[in-house]
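**Q**
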Amino acid sequence: MKNTELKRIPDHVAIIMDGNGRWAEEQGKERIFGHQNGVQAVRNAIEGAGEAGVKYLTLYAFSTENWNRPKEEIDALMSLLVRAIQNELDNLMANNVRLQAIGNLATLPQRCRSELKDAIETTKNNTGLTVVLALSYSGRWEIVNAVKEIVNNYRKEQEITETVFASFLNTKEMPDPDILIRTGRERRISNFLLWQIAYAELFFPELLWPDFKKEDLFEIIAEYQTRQRRFGKTGTQVESEI
Ligand code: FPP
Numbered sequence: 203m204k205n206t207e208l209k210r211i212p213d214h215v216a217i218i219m220d221g222n223g224r225w226a227e228e229q230g231k232e233r234i235f236g237h238q239n240g241v242q243a244v245r246n247a248i249e250g251a252g253e254a255g256v257k258y259l260t261l262y263a264f265s266t267e268n269w270n271r272p273k274e275e276i277d278a279l280m281s282l283l284v285r286a287i288q289n290e291l292d293n294l295m296a297n298n299v300r301l302q303a304i305g306n307l308a309t310l311p312q313r314c315r316s317e318l319k320d321a322i323e324t325t326k327n328n329t330g331l332t333v334v335l336a337l338s339y340s341g342r343w344e345i346v347n348a349v350k351e352i353v354n355n356y357r358k359e360q361e362i363t364e365t366v367f368a369s370f371l372n373t374k375e376m377p378d379p380d381i382l383i384r385t386g387r388e389r390r391i392s393n394f395l396l397w398q399i400a401y402a403e404l405f406f407p408e409l410l411w412p413d414f415k416k417e418d419l420f421e422i423i424a425e426y427q428t429r430q431r432r433f434g435k436t437g438t439q440v441e442s443e444i
């Protein structure tokens, strides 16, 4: 990638990968065909993030709400995930990529959990891009979970700061996303990383997930570099800090 070289590279990009089902239906195919093609788009995003020098890439692969889909689609998605992890492991190792997962992982099928656990263990010492799969994840679930743990661990309300709260989230060791991308021609957050995206720049490219290429990521990063992030300060204050 050229145009973003030496400029501000986001530490963390998060993606809501939407539009697989419609991509398939538009071609008169079963929805799972869209998910299968979505795996290539996942590869494109990982490759692009690695090339750009992004440190964390979080992918919304399965939401808590996705459990309400027809059983065949859920089963197909879980098998696809297991196969993708198996097929990509050598590739992840070769590219120094570390895999992690967030979400209510205990609710995943046993096969999926053990495959994921093995891949996380195998890649844990890699020092390049960290790919975080959000599986059976929802932001509200994560926040409620954090509250439950805090109630069990803290007695004094003065001790509960934003930093303490964030340390009870699944993302405790990660920076907040600088960029949130949602494909699929929708402009919603859909319960993804609710706490963490407080200051993220939002992007809604007009494409369905299986069509996502690494060039789409580079374009978004280039636009991100033109945006001024103020974190609640005035433009003048931010200029004087640069
Ligand atoms: C949303 O499209 C996509 C998903 C619910 C699943 C995403 C899964 C993959 C891309 C494949 C496996 C993932 C990995 C990490 C290897 P949708 O079905 O909601 O599409 P629609 O809005 O058109 O119905």
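Under our numbering, the first residue of the sequence shown is numbered 203, with each subsequent residue one higher.
All C-beta atoms, glycine included, are put in the ideal place defined by N, C-alpha and C.
Please read these numbers as outputs of a predicted model, since none were measured by experiment.
Does the separation of the CB atoms of residue 395 and residue 250 fall below 7 Å?
**A** no
**Q** Take residue 209 and list the residues in its own chain whose beta-carbon comes closer than 6 Å to its own, dropping the five residues that flank it on each side.
**A** Within the same chain, residue 209 has close Cβ partners 427.
**Q** Buried or exposed for residue 404, going by 16 or more other Cβ atoms inside 10 Å?
**A** exposed
**Q** Taking only heavy atoms of ligand 1 into account, decide whether any of them is closer than 6 Å to the Cβ of residue 368.
**A** no
**Q** Quick one: does the C-beta of residue 220 sit closer than 6 Å to a heavy atom of ligand 1?
**A** yes
**Q** Which residues does DSSP list as the beta-bridge partners of residue 265?
**A** 339
**Q** Taking the alpha-carbon positions, what's the residue 232 to residue 410 distance?
**A** Approximately 15 Å between the Cα atoms of the pair.
**Q** Determine, using beta carbons only, whether residue 325 and residue 294 come nearer to each other than 7 Å.
**A** yes
**Q** From 252, 400, 242, 229, pick the residue whose C-alpha is nearest to that of residue 213; which is it?
**A** 252
**Q** For residue 360, which of helix, strand or coil comes out of DSSP?
**A** DSSP, read as helix, strand or coil, puts residue 360 in helix.
**Q** Please find out if some non-hydrogen atom of ligand 3 comes closer than 6 Å to the beta-carbon of residue 241.
**A** Ligand 3 is absent from the structure shown, which contains only ligand 1.
**Q** Got a sec: does ligand 1 put a non-hydrogen atom nearer than 6 Å to the Cβ of residue 299?
**A** no
**Q** Could you give the first and the last residue of the continuous beta strand (DSSP E) run that contains residue 381?
**A** Counting along the chain, the beta strand (DSSP E) containing residue 381 begins and ends at 381-384.
**Q** How is residue 229 classed by DSSP in three states: helix, strand or coil?
**A** coil
**Q** Among the residues of its own chain, which have a CB less than 6 Å from the CB of residue 205, if the five just before and after it don't count?
**A** Bear in mind that a pLDDT of 49 at residue 205, under 50, signals an unreliable position, so the model cannot answer this.
**Q** Any contact between the segment 273-292 and the segment 359-368? By contact I mean 3 or more CB pairs, one from each, below 8 Å.
**A** no
**Q** In angstroms with no decimal places, state the Cα-to-Cα distance between residue 273 and residue 368.
**A** 34 Å
**Q** Measure from the alpha carbon of residue 338 to the alpha carbon of each residue in 417, 440, 234, 269, then state which is nearest.
**A** 269
**Q** Please find out if some non-hydrogen atom of ligand 1 comes closer than 6 Å to the beta-carbon of residue 387.
**A** no
**Q** How would you write the range of the beta strand (DSSP E) that residue 271 sits in, first residue to last?
**A** Counting along the chain, residue 271 falls outside any beta strand (DSSP E), and DSSP gives it neither H nor E.
**Q** Whose C-beta lies closer than 8 Å to the C-beta of residue 207 among residues of the same chain, with five residues either side of it excluded?
**A** Model confidence at residue 207 stands at a pLDDT of 48, short of 50, so the residue's coordinates are unreliable; what they give is reported in the following sentence. There are no such residues.
**Q** In terms of residue numbering, what span does the beta strand (DSSP E) encompassing residue 302 cover?
**A** 300-304
**Q** Going by beta carbon distance, what residues of the same chain come within less than 8 Å of residue 211, once the five residues before and after it are set aside?
**A** 254, 255, 256, 423
**Q** If you count every other CB in all the chains shown that lies within 10 Å of the CB of residue 429, and 16 or more means buried, which is it?
**A** exposed
**Q** Please report the distance separating the alpha-carbon of residue 266 from that of residue 442.
**A** 43 Å
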